[in-house]
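Novice:
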Amino acid sequence: MKSPFRRLTLRLRLGLSAAVAVALAVSAVATASWLVTRQQLTAQLDSNLQSVQAQPGYVQDLLSLCGMQLPDVSQRNQTPTPYVVQVITADGTVCVAPGNKKVAVDETDLAVARGVLESALHNATSEDGRRMRVSTTRPDMPPRLSGEFAVSIAQPLTAVDNPLNSLALFLLGFAGVGVVGAATAGIGISRAGLRPVEHLTDAAEHIAHTQDLTVRIPADGDDEIARLSKSFNDMTEALATSRERQQQLIADAGHELRTPLTSLRANIQLLIRSHTSGRKLPENAMNDLLHSVESQVGELASLIADLQELSRPDTKPDETSLHVVALHEVAGRAMERVRLRGSDLEFISDLEEWYVLSEPSALERAVVNLLDNAVKFSPPGGTVSLRLGDGRLVVRDQGPGIPADELPHVFDRFWRSPTARSLPGSGLGLAIVAKTVQQAGGTVTLRPAATQGTEAVIRIPGTRNPPPTVESRDTRSEATA
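Under the working numbering, think of the first position of the sequence shown as 336, with each following residue one higher.
Here it is as structure tokens:
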């Protein structure tokens, strides 16, 4: 179950987080300030109390009230304000001037009166309930007034409490204003800082509802938000490209499938009419028709296999599917397979040892596709050569060649030269070659031959000697000649 805080918007959460952080900081500072101020005020009050000395005559008056002396009290019976002065005898008797309230006596006060302690400083409560700060000492008195007694001078703690209460109210108000200000500023700052994120969210929601991948977000600067915006733009561009390629693949596949399907349907309909009407076709016509059907089915099967190959992700294959492949052996097997298809051609091969890291079946199919193209475009009696040396596999034919303006398109899916549209094929062979070679870490190019025809050149990093073990693709780059 989500907490209430998680249900808030990110903007509000940032604002509240800033408010809480400021509240904690202000509270800590306010508390520390209040405690320091209380300590200083209390120390000042104690210093004042300890500096006050009761006049001997006044003390004599108080002692007379306790029955220890009998002087004329009426002449000196005045309490020095704002303090309360009282005499404490050793037996605990407390004497205070008329009009003043007694202050509760502490054990330390009696200890001072008995001479055990020199002084005492503590809080106490007066008879009227006031909190008092009390300083008790043994005053210097004439010899005739000496005895076991002490004098307590007390002052109400309002001298400390009132300023502290005022300070507490001020700090509380200051903290409240700071928290509100921090929350407001946090929300404002988060709104400004998260505006690019809002644009990103709006764009993502727009794409989700409309499937419009042309949306782009302004990405100015090099901060994290700008990097996120650039990554989002790159992602949408990649998705748009992928969808465009997918749509193009479907359209091209449908176009390429239409021709053999139409021809196959016509032939099958002809066979059905011949069967239902009871009129048999001539034997030569029937053989031609069956061979045509077989060829069209084979063409469909080949096209479907090519489409399945190209539908695989363009990412690098998994390491477990890679093996050390003897490229010279793969090229030799491909040559033997294609040699049966060009009985009227001369095949020449010169293959040096070269070992690469790739998928064996995919690599052999790529070489077969190049040789098939060479056979397809070579004239009768021509020569198809296959050479491997220094890591370069070169397939050469003696065909008409490829115009320079068409070379950039030869590896595009379903692309076919206008001069070759009448020949069999789907336009996927070279695209499969390019994909296989790129996944093996190599390159493939087509170029005009020195004299006549076209050369296809494959370069795949490898080594002349087979590595004993292969643990990763990095072995290939380390062993590159």
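Where is the CB? At the ideal position from N, CA and C, for every residue including glycine.
As the structure is a prediction and not an experimental result, all values here were calculated from the model.
Roughly how far, in whole angstroms, is the beta-carbon of Ala489 from the beta-carbon of Tyr393, given that I think they are within contact range, below 8 angstroms?
Specialist: That pair is no contact at about 14 angstroms.
Novice: Does the pairing of the region 549-557 with the region 514-530 give three or more beta-carbon distances under 8 angstroms?
Specialist: In short, these stretches do not touch, since the Cβ pair count stays below three.
Novice: Any beta carbon from chain B within less than 8 angstroms of Gly736's own beta carbon?
Specialist: Annotation note: the requested chain B is absent from the structure, which comprises a single protein chain.
Novice: On a CA-only basis, which of Asn383, Gln421 and Val387 is nearest Cys401? Give me that one, please.
Specialist: Here the closest residue by C-alpha is Gln421.
Novice: State the start and end residues of the unbroken alpha helix (DSSP H) segment that holds Gly523.
Specialist: Where Gly523 is concerned, the enclosing alpha helix (DSSP H) stretches over Thr493 to Gly528.
Novice: For Ser470, which residues does DSSP report across the bridge?
Specialist: According to DSSP, which records beta bridges pairwise, Ser470 is partnered with Leu456 and Ile488.
Novice: What do you reckon, are the CB atoms on Asp376 and Leu506 nearer than 8 angstroms?
Specialist: What sits at residue 376 in the sequence shown is Leu, not Asp. Contact: no.
Novice: How is Leu724 classed by DSSP in three states: helix, strand or coil?
Specialist: Here residue 724 turns out to be Gly, not Leu, going by the sequence shown. Correct three-state label for Gly724: strand.
Novice: Rounded to a whole number of angstroms, what is the C-alpha to C-alpha distance between Gln413 and Val440?
Specialist: Any reading at Gln413 needs caution, since the residue's pLDDT is 48, under 50, leaving its predicted position unreliable; the model's value is listed next. When rounded, the distance between both Cα atoms is 22 angstroms.
Novice: Apply the 10 Å Cβ neighbour rule to Asp732 and answer buried if 16 or more other Cβ atoms are within range, or exposed otherwise.
Specialist: Asp732 is buried by the Cβ-count criterion.
Novice: Give me whichever residues DSSP pairs with Gln421 in a beta bridge.
Specialist: Answer by DSSP bridge pairing, in chain order: Val431 and Ser487.
Novice: Go ahead and label Ile639 buried or exposed: buried means 16 or more other beta carbons lie within 10 angstroms of its beta carbon, across all protein chains shown.
Specialist: Answer is exposed; the Cβ neighbour count stays below 16.
Novice: Restricting to Cα atoms, I'd like to know which of Val703, Val515 and Tyr690 is closest to Leu359.
Specialist: It is Val515 whose Cα lies nearest to the Cα of Leu359.
Novice: What are the start and end residues of the alpha helix (DSSP H) that includes Leu706?
Specialist: Element bounds for Leu706: Pro695 to Phe712.
Novice: Would the region 593-607 count as touching the region 557-570 if we require 3 or more Cβ pairs under 8 angstroms?
Specialist: Because the criterion of three Cβ pairs below 8 angstroms is not met, the region 593-607 and the region 557-570 do not touch.
Novice: Leaving out five residues on either side along the sequence, give the residues of the same chain with a beta carbon under 7 angstroms from the beta carbon of Phe682.
Specialist: Taken in chain order, the residues that qualify are Met670, Arg674 and Val719.
Novice: In this structure, how does DSSP classify Val364 when only helix, strand and coil are distinguished?
Specialist: Three-state result, Val364: helix.
Novice: Can the beta-carbon of Val660 be found closer than 8 angstroms to that of Val691?
Specialist: Yes, these two residues count as a Cβ contact at 8 angstroms.
Novice: Pull the bridge partners of Ser461 from the DSSP assignment, please.
Specialist: Looking at the DSSP assignment, Ser461 forms a beta bridge with Val438.
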